[in-house]
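Chemist: One structure coming up, written as structure tokens, with questions to follow.
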């Protein structure tokens, strides 16, 4: 990397906001995915103004750049695939405004998801998207990936809760799209930007909706002897349109791993559990809880347990949200997949995943947002063994192909990133992909912003000048 | 005119077949936009046929406007050019409906009313209580982002559309999103399509999530002496645990347009519909009655099912009733915030008064305000331009976002109905260039002359 560029970064930001030493950069070569790529320089801006200066300098030196929040993403979205500059937003972590009356907040991208909720819950409000990483992940990252979470079943994903953005374009121009109101005249650019995985612009300010905390919550744990009974329950809950706020499933292997670590109260000898939450008015919650229990019993639940109090409820959720940590204790590496299928296809799909695991010789755990049909198969492998790694990737790809054959999609909440960009042609035609790439080129014409993400390399678009990847960066291990 | 139009029509007939190309003057006239007639109406029967016609138009640089039920062609600025109307109403099929998954895929030309009937058979619905219910098509509702009062409970199309297929200005059939309820694969191009008035693509298919019909529903009316008191109740509801599916505020001056016998004369009515099981509805009634009492409402009533049906139907068709009774009225659609409503209502009232105009307002879905202005006494409409500019400025000053959704064509010569462009307009132009590089899709109708 051009040393003059690094000098300029230090002039703009100060010496304590720029990392360039090998050992410092190593901290930023990972995120939550199995991918790896090292930036050449990491900077920590504090203001939009600083971002503009950084971006303009990067444009002059033709340096690739990528934004990063907490690095909890699971598809390599916040990795510097082509090296270059990484902008980490951990110091842009201010809540700029809270409009309690209109249920809006304006935040910088580095604000931690849960921090916003904690800031406003005294007024009975919260920020609805609740990814499992919500204690660490940033709202900027949520916006880039259009993050979900268990409760998006009832309340929608990040895009449903963002009304406006401030953007810095790759040429350093600052543009505001949307606003505090629900809609603005013209094209819904906010809707386009949310979930664009940092490939269109850098988001420096976010206006979000705040939701009202429910009056009543009931959390149920249904315990099953077979996976089929659990998945059939989810199909029936959906078909009867009971619409719980969350409906999560853990299979037997996963719940045992979790239970040993968290002691959430999951029965060790069961084949699957469903964690179902209903929320709203007392009157609605009573009724929904009865309905849910009835469906669970009809599908041979051995036990339907209602969380007695907040402590028991929190413990159950702790089990769910710390599951990946628990799995990490059991295997040198694990690969969390993310696919979606129509909910009617759940039973067949879980059976198919089991078969695919056996075929490739891997233990696959399942812990996922069953109510959305959003699967998270966890493949356990040893990344130090290149053959195993490749086999794990092949296993994941076969699961993805199955999802798509069932009318599903490649990713429900983790993003395409550098994990699934080569799989995009499974879902999209070359015309679809070319149009999307032209949209990217309209905002990010040189392709320097988060290069190598979302789109396959094989099918280039004439107007998009993407550099071929150096072999070292493309190799995942 | 040159001889070009006849020759392109002949070529189009050769391409699409005589049964898909209509030139009779009644049909052509029915597709007029701001008094501008197309030369021909094409009626494609499939997405591929749409693509074929658009490719033809792109090659010949002919301007195309997609039409459905022809109910909202008056929205937007007059087109710069208009050669082919693309009548989508032959594409009226349900392509995929999985009630067990609560998902649906339909062709864009399907009528919303018949679609709701199909869903109703499975006790499901889409939250699209939109005007011109018996004629409006899904494609037109998406392209204009029609306002449904149910937005307060279910969000707008951007929240429940799962994916779309559309034909770009180059005649390419593209898609984004999917058929499942959760999806972050690729860019959400369908969000750009919603409200884009046919300027980015011709929508051919829309995938939705569907919703269960509530088992019980009841409508309540709380009436107040002023807009300020009425909107205070709206804010109080927003702060309560209640989750009504409809919250609308009706200006007493709107009553003659609505021809409602149900709402009390001379008062600002807050119309609230609650839905769910019986106990949930009872709870809403008890809490709302108390809130109305505490906020010194002049009246609080629970409507009979029949009164509720009639009133909600009239509120749904509000903009249509205005056009029937006051065809020269100007109708603003202002996206607002709960705390801004009362102030905006007062400001617009003052502007109307100062400029000798009659006015009324209806607030939909808790924060979307319709302002209506018209000249009393039936004299020709003139001098509306300054009042319109003032309303744009007033909305802008408090952070509201105003457009004129409906007005006479003549006024569009003096006022841009989309209001002033903002800093994001440059990006919108870039999007237009990507989707429609030749500039044949509804040219000139959209924001800033896009």
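Protein chains in written order, with my numbering: chain W, 1356 to 1832; chain F, 5 to 454.
Ideal Cβ positions, reconstructed from N, Cα and C, are used throughout, including at glycine.
Keep in mind it's a predicted model, so treat the numbers as computed, not measured.
Using the Cα positions of residue 444 of chain F and residue 1691 of chain W, report the straight-line distance between them to the nearest angstrom.
Modeler: Translated into positions along the second chain, residue 444 of chain F becomes position 440. Translated into positions along the first chain, residue 1691 of chain W becomes position 336. Straight-line Cα distance between these residues: approximately 45 angstroms.
Chemist: So what does DSSP say about residue 1468 of chain W, is it helix, strand or coil?
Modeler: Locating residue 1468 of chain W in the first chain gives position 113, counting from the first residue. Reduced to three states, the DSSP call for residue 1468 of chain W is helix.
Chemist: For residue 1363 of chain W, does the count of other Cβ atoms within 10 angstroms reach 16, so buried, or fall short, so exposed?
Modeler: Taking the first residue of the first chain as position 1, residue 1363 of chain W is located at position 8. So residue 1363 of chain W ends up on the buried side.
Chemist: Count the other CB atoms, across all protein chains shown, that sit within 10 Å of the CB of residue 282 of chain F; report buried if there are 16 or more and exposed otherwise.
Modeler: As a first step, residue 282 of chain F must be located in the second chain, where it is residue number 278. Exposed is the call here.
Chemist: Could you check the C-alpha separation between residue 162 of chain F and residue 1474 of chain W for me, to the nearest Å?
Modeler: Locating residue 162 of chain F in the second chain gives position 158, counting from the first residue. Locating residue 1474 of chain W in the first chain gives position 119, counting from the first residue. Their backbone Cα atoms lie some 28 angstroms apart in a straight line.
Chemist: Does the separation of the CB atoms of residue 1586 of chain W and residue 1702 of chain W fall below 7 angstroms?
Modeler: Indexing the first chain from 1 puts residue 1586 of chain W at position 231. Indexing the first chain from 1 puts residue 1702 of chain W at position 347. Contact: yes.
Chemist: Classify residue 1648 of chain W as helix, strand or coil using the three-state DSSP reduction.
Modeler: What you label residue 1648 of chain W is simply residue 293 of the first chain in a count that begins at 1. If DSSP states are grouped into helix, strand and coil, residue 1648 of chain W belongs with the helices.
Chemist: Can residue 1695 of chain W and residue 1733 of chain W be called in contact, C-beta distance under 7 angstroms?
Modeler: Here residue 1695 of chain W refers to the residue found at position 340 of the first chain. Here residue 1733 of chain W refers to the residue found at position 378 of the first chain. It is not a contact, given that the beta carbons lie outside the stated cut-off.
Chemist: Check each candidate in F:251, F:267, F:250 and name the one with the smallest Cα separation from residue 258 of chain F.
Modeler: Residue 258 of chain F sits at position 254 when you count from the first residue of the second chain. Considering only alpha carbons, the answer is F:267.
Chemist: Between residue 1699 of chain W and chain F, is any beta-carbon pair separated by less than 7 angstroms?
Modeler: Taking the first chain and counting its residues from 1, the one referred to as residue 1699 of chain W is at position 344. Cβ-Cβ to chain F under 7 angstroms: yes for residue 1699 of chain W.
Chemist: In the region 232-251 of chain F, which residues sit with their C-beta less than 9 angstroms from some C-beta in chain W, listed in chain order?
Modeler: Residues passing the 9 angstroms Cβ filter: 239, 242, 243, 244, 245, 246, 247.
Chemist: So with Cβ pairs under 7 angstroms, would you call residue 1535 of chain W a contact of chain F?
Modeler: For this step, residue 1535 of chain W is matched to residue 180 along the first chain. It does: the Cβ of residue 1535 of chain W has a partner Cβ on chain F nearer than 7 angstroms.
Chemist: Compare the beta carbon distance of residue 1547 of chain W and residue 65 of chain F with 7 angstroms and say whether it is the shorter of the two.
Modeler: Here residue 1547 of chain W is taken as the residue at index 192 of the first chain, counted from 1. Here residue 65 of chain F is taken as the residue at index 61 of the second chain, counted from 1. Taking 7 angstroms as the Cβ cut-off, residue 1547 of chain W and residue 65 of chain F do not qualify as a contacting pair.
Chemist: Residues of chain W with a CB under 9 angstroms from the CB of residue 148 of chain F: which are they?
Modeler: Stepping through the second chain from its first residue, residue 148 of chain F is reached at position 144. Near residue 148 of chain F there are no residues of chain W at all, since even the closest Cβ is about 12 angstroms away, more than 9 angstroms.
Chemist: Going by the beta-carbon positions, is the gap between residue 1736 of chain W and residue 1730 of chain W smaller than 7 angstroms?
Modeler: Residue numbering aside, residue 1736 of chain W sits at position 381 when the first chain is read from its first letter. Residue numbering aside, residue 1730 of chain W sits at position 375 when the first chain is read from its first letter. Contact flag unset, no.
Chemist: Quick check: what's the CA-CA separation for residue 1499 of chain W versus residue 1550 of chain W?
Modeler: Position 144 of the first chain, counted from the first residue, corresponds to residue 1499 of chain W. Position 195 of the first chain, counted from the first residue, corresponds to residue 1550 of chain W. About 5 angstroms.
Chemist: Using a C-beta cutoff of 7 angstroms, does residue 178 of chain F count as contacting chain W?
Modeler: For this step, residue 178 of chain F is matched to residue 174 along the second chain. Chain W, which has a Cβ nearer than 7 angstroms to the Cβ of residue 178 of chain F, makes this yes.
Chemist: Mind reading off the beta-carbon distance from residue 352 of chain F to residue 398 of chain F? Whole number of angstroms is fine, and I expect it under 8 angstroms.
Modeler: Working through the second chain from its first residue, we reach residue 352 of chain F at position 348. Working through the second chain from its first residue, we reach residue 398 of chain F at position 394. That belief holds up - the Cβ atoms of residue 352 of chain F and residue 398 of chain F are roughly 7 angstroms apart, short of 8 angstroms.
Chemist: With distances taken Cα to Cα, identify the nearest neighbour of residue 50 of chain F among F:44, F:58, F:43.
Modeler: Along the second chain, one-based indexing puts residue 50 of chain F at 46. For residue 50 of chain F, the nearest C-alpha among the options comes from F:58.
Chemist: Can you list, in chain order, the residues of its chain with a C-beta nearer than 6 angstroms to that of residue 1823 of chain W? Leave out the 5 residues immediately preceding and following it.
Modeler: The count along the first chain starts at 1 and reaches residue 1823 of chain W at position 468. At residue 1823 of chain W the pLDDT is 33, less than 50, meaning the model places this residue with poor confidence and gives no usable figure here.
Chemist: Can a CB atom of chain F be found closer than 7 angstroms to the CB of residue 1322 of chain W?
Modeler: As displayed, chain W neither begins before 1356 nor continues past 1832, which places residue 1322 of chain W out of reach and without an answer.
Chemist: What does the Cβ neighbour count give for residue 1663 of chain W, buried or exposed, with the cut at 16 atoms within 10 Å?
Modeler: Translated into positions along the first chain, residue 1663 of chain W becomes position 308. Exposed, because fewer than 16 other Cβ atoms sit within 10 Å of the Cβ of residue 1663 of chain W.
Chemist: Quick one, which of W:1447, W:1472, W:1425, W:1467 has its alpha-carbon nearest residue 1455 of chain W's?
Modeler: For the purposes of this step, residue 1455 of chain W is identified with residue 100 of the first chain, where counting begins at 1. It is W:1472 whose Cα lies nearest to the Cα of residue 1455 of chain W.
Chemist: According to DSSP, simplified to helix, strand and coil, what is residue 161 of chain F?
Modeler: Here the question's residue 161 of chain F lines up with position 157 in the second chain. Helix at residue 161 of chain F.
Chemist: Would you verify that the beta carbon of residue 1826 of chain W is, or is not, closer than 7 angstroms to some beta carbon of chain F?
Modeler: As a first step, residue 1826 of chain W is located in the first chain; it is residue number 471 there, counting from the start. With a pLDDT of only 32 at residue 1826 of chain W, under 50, the local geometry of the prediction cannot be trusted, and no value is derived from it.
Chemist: Per the DSSP calculation, residue 362 of chain F is bridged to which residue(s)?
Modeler: Taking the first residue of the second chain as 1, we reach residue 362 of chain F at position 358. F:378, per the DSSP bridge assignment.
Chemist: Note down the Cα distance separating residue 1387 of chain W from residue 1552 of chain W, rounded to an integer number of angstroms.
Modeler: The residue labelled residue 1387 of chain W in the question sits at position 32 within the first chain. The residue labelled residue 1552 of chain W in the question sits at position 197 within the first chain. Taking the straight line joining both Cα atoms gives about 15 angstroms.
Chemist: Can you tell me which of the three DSSP states residue 98 of chain F falls into?
Modeler: For this step, residue 98 of chain F is matched to residue 94 along the second chain. Reduced to three states, the DSSP call for residue 98 of chain F is strand.
Chemist: Along the chain, where does the beta strand (DSSP E) containing residue 448 of chain F start, and where does it finish?
Modeler: Residue 448 of chain F sits at position 444 when you count from the first residue of the second chain. From DSSP, residue 448 of chain F is part of no beta strand (DSSP E); its letter is neither H nor E.
Chemist: For the region 340-367 of chain F, enumerate the residues whose C-beta is nearer than 7 angstroms to any C-beta of chain W, in chain order.
Modeler: Per Cβ criterion, the list reads 340, 341, 342, 343.
Chemist: Against chain F, which members of the region 1705-1734 of chain W pass a CB distance test of less than 8 angstroms?
Modeler: Correct list: 1724, 1727, 1728, 1729.
Chemist: Which residues in chain W have a C-beta closer than 8 angstroms to the C-beta of residue 200 of chain F? List them in chain order.
Modeler: Taking the first residue of the second chain as position 1, residue 200 of chain F is located at position 196. Those are 1542, listed as they occur along chain W.
Chemist: Compile a chain-ordered list of the residues in the region 1657-1675 of chain W whose CB is closer than 7 angstroms to at least one CB of chain F.
Modeler: Residues passing the 7 angstroms Cβ filter: none.
Chemist: Since residue 32 of chain F is in the alpha helix (DSSP H), which residue starts that stretch and which ends it?
Modeler: In the second chain, residue 32 of chain F corresponds to position 28, counting from 1. Start and end: 29-34.
Chemist: To the nearest angstrom, report how far apart residue 223 of chain F and residue 304 of chain F are at their CA atoms.
Modeler: Taking the second chain and counting its residues from 1, one reaches residue 223 of chain F at position 219. Taking the second chain and counting its residues from 1, one reaches residue 304 of chain F at position 300. So the alpha carbons of these two residues sit roughly 11 angstroms apart.
Chemist: Straight-line CA distance for residue 124 of chain F to residue 151 of chain F?
Modeler: Here the question's residue 124 of chain F lines up with position 120 in the second chain. Here the question's residue 151 of chain F lines up with position 147 in the second chain. One C-alpha to the other measures close to 21 angstroms.
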